[in-house]
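Mapping the sequence shown onto the UniProt record's numbering, position 110 (from 1) lands on 110, and the numbers just tick up by one. From the three backbone atoms N, C-alpha and C, an ideal C-beta is built for every residue, glycine too. Below you'll find the structure, written out as structure tokens, and then a few comments.
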Amino acid sequence: MTQHMDYMQKEKKATLILDDGTVFRGISFGADKNIAGEVVFNTAMTGYPESLTDPSYAGQLMVLTYPLAGNYGVPPRIFNEEGIATFMESEKIHAEAIIVSDYSHEYSHWNAVESLGDWLKDEGVPGIYGIDTRALTKKLREHGVMMGRIIIGDDDKENVSGFGQYGNVNYVDNVSCKEVITYAGGKKRVVLVDCGVKHNIIRSLLKRNVTVIRVPWDYDFNQLEYDGLFLSNGPGDPDTCDAAVQNIRKALQGDKPICGICMGNQLLAKAGGASIYKLKYGHRSHNQPVRMVGTEKCFVTSQNHGYAVDNDTLGTEWEPLFINMNDGTNEGIRHKTKPFFSAQFHPEACSGPTDTEFIFDDFVALL
Ligand SMILES: NC(=O)CC[C@H](N)C(=O)O
Numbered sequence: 001m002t003q004h005m006d007y008m009q010k011e012k013k014a015t016l017i018l019d020d021g022t023v024f025r026g027i028s029f030g031a032d033k034n035i036a037g038e039v040v041f042n043t044a045m046t047g048y049p050e051s052l053t054d055p056s057y058a059g060q061l062m063v064l065t066y067p068l069a070g071n072y073g074v075p076p077r078i079f080n081e082e083g084i085a086t087f088m089e090s091e092k093i094h095a096e097a098i099i100v101s102d103y104s105h106e107y108s109h110w111n112a113v114e115s116l117g118d119w120l121k122d123e124g125v126p127g128i129y130g131i132d133t134r135a136l137t138k139k140l141r142e143h144g145v146m147m148g149r150i151i152i153g154d155d156d157k158e159n160v161s162g163f164g165q166y167g168n169v170n171y172v173d174n175v176s177c178k179e180v181i182t183y184a185g186g187k188k189r190v191v192l193v194d195c196g197v198k199h200n201i202i203r204s205l206l207k208r209n210v211t212v213i214r215v216p217w218d219y220d221f222n223q224l225e226y227d228g229l230f231l232s233n234g235p236g237d238p239d240t241c242d243a244a245v246q247n248i249r250k251a252l253q254g255d256k257p258i259c260g261i262c263m264g265n266q267l268l269a270k271a272g273g274a275s276i277y278k279l280k281y282g283h284r285s286h287n288q289p290v291r292m293v294g295t296e297k298c299f300v301t302s303q304n305h306g307y308a309v310d311n312d313t314l315g316t317e318w319e320p321l322f323i324n325m326n327d328g329t330n331e332g333i334r335h336k337t338k339p340f341f342s343a344q345f346h347p348e349a350c351s352g353p354t355d356t357e358f359i360f361d362d363f364v365a366l367l
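This is how it looks when you write it as structure tokens:
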């Protein structure tokens, strides 16, 4: 019997119920667990190992619009002696579940060691296939993201009132490191505020020969000796991260370089006095076009965010650095006189285009 036939014999029903009552029926290929979360769609064609382990997906049920997942398997879950993942973006899967149209239990890739379904089961994360992800995505685009619930097995008549909350949960506190971790590199010392950092941000800094001092999201780093401050990506609503905003605000009094990515862009903007709002359905893909303000330079970027900085609230000391060419929303900010800047997209982009990796070079050059 082939690997696939064996798998098919064990298939189990799974149901996705949206907050508005819409029901999608499919088949389970992950863990046997019912779960609720914010249903978001990602239009990238590859990268499910990286996306699932991106801590910014905590609290979310990830819909892939690309119609097939699993066919290239999953790389080994290995880490270097400092605990940095070799092929993934963190220690474990952070998305609450994955929702796909078609799933291939059979896989083929030079670096694959297990199937997507086996990985999900091992980490206790549900997966559903057989869902009309095109219809589901159209619904989310028209209505905006909404809460959803996955029920595994025949139990889909279950009372669906419990969809949970997304906006007011402090997911950053769940995924941030709990103590200071130092990665020895060069002479220059960068404090990295860990709001749920993707490991490729750490790899990208270390590659540029700096020492990285990774601190918990609410740690007052102002007491440390350092040359530059880096603000990581992270899950959830930036309005739940006030302790980080207060610490960054203190750092804004000084002149040490500051760079932020994604949640880091939002927290830097908040520390500078700007406000954040929620986008209708966010940007989650590998092909978001952004323009550098004041230039004709455009970049294709990898993104995963649901909130955005309100350009109109930036105040007189700040200006937009990048603008999204699809919808005109903010994609980064810079201070007009001090070395503070940030990007809403992912310059470390793993997986995704590497057009904007220069942001790390620019930051390290300022140290
Ligand atoms: N990747 C991120 O850092 C996301 C930031 C924030 N959680 C948002 O959704 O906008």
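Nearest to A184 by alpha-carbon distance, out of A269, V197, V210, K13, is V210.
With contact defined as three or more Cβ pairs closer than 8 Å, the stretch 124-132 and the stretch 278-297 are not in contact. Excluding residues up to 5 positions away in sequence, A308, V309, N311, P320 lie with their Cβ nearer than 6 Å to the Cβ of N330 in the same chain.
Nearest C-alpha to L367 among D255, L61, D355: D255. Here the distance from the Cβ of G306 to the nearest heavy atom of ligand 1 is below 7 Å. Counting other Cβ atoms within 10 Å of its Cβ, W119 reaches 16 or more and is therefore classed as buried. The stretch 214-234 makes no contact with the stretch 273-284: fewer than 3 CB pairs, one atom from each, lie closer than 8 Å. Relative to ligand 1, S56 has its C-beta within less than 7 Å of a heavy atom. By the CB criterion at 8 Å, N222 and S342 fall outside the cutoff.
Beta-bridge partners of E319 (DSSP): R334. The Cβ atoms of M147 and Y171 lie no closer than 8 Å to each other. When Cβ pairs closer than 8 Å are counted between the two stretches, the stretch 44-51 is seen to touch the stretch 344-355, the count reaching three or more. The alpha helix (DSSP H) runs lying completely inside the stretch 177-208 and spanning 4 residues or more are 199-206, given in chain order. For the stretch 37-102, the full-length beta strand (DSSP E) segments reaching 3 residues or more read 60-64, 97-99 along the chain. Q266 has its CB nearer than 7 Å to a heavy atom of ligand 1. For the set W318, K139, D237, V175, the Cα lying nearest the Cα of D54 is the one of V175. In this structure, E96 sits near L61, with a CB-CB distance shorter than 8 Å. Annotation: the stretch 243-331 contains the following complete segments of the beta strand (DSSP E) (minimum length 3 residues), in chain order: 258-261, 276-292, 298-309, 318-324.
In terms of Cβ geometry, Y219 and R189 do not form a close pair [threshold 8 Å]. Scanning the stretch 125-163 for uninterrupted beta strand (DSSP E) segments of 3 residues or longer gives 127-129, 146-152, listed from N- to C-terminal end. Note that the stretch 32-39 touches the stretch 61-76; at least 3 beta-carbon pairs, one per stretch, sit closer than 8 Å.
Boundaries for F345: no beta strand (DSSP E) harbours it, and the DSSP string shows neither H nor E there. The shortest C-alpha to C-alpha distance from R141 to any of M325, H283, N304 is the one to H283. At a cut-off of 7 Å, the beta-carbon of M147 does not count as near ligand 1: no heavy atom of the ligand is closer than that.
In this structure, ligand 1 has a non-hydrogen atom nearer than 7 Å to the beta-carbon of P235. One Cα belongs to C298, the other to I78, and the distance between them is close to 35 Å. The C-beta of S108 has fewer than 16 other C-beta atoms within 10 Å across all chains shown, which makes the residue exposed.
Distances from the CB of P347 to the heavy atoms of ligand 1 are all 7 Å or more. In the three-state scheme derived from DSSP, where H, G and I count as helix and E and B as strand, E123 is classed as helix.
Counting along the chain, V175 sits inside the alpha helix (DSSP H) bounded by residues 171-175. R249 has its alpha-carbon roughly 44 Å from the corresponding atom of G70.
Looking from the CA of D32, the closest CA among A14, Q246, R25 belongs to A14. Annotation for V100: L64, A69, Y129 place their beta carbon closer than 6 Å to its own, counting only its chain and skipping 5 residues before and after.
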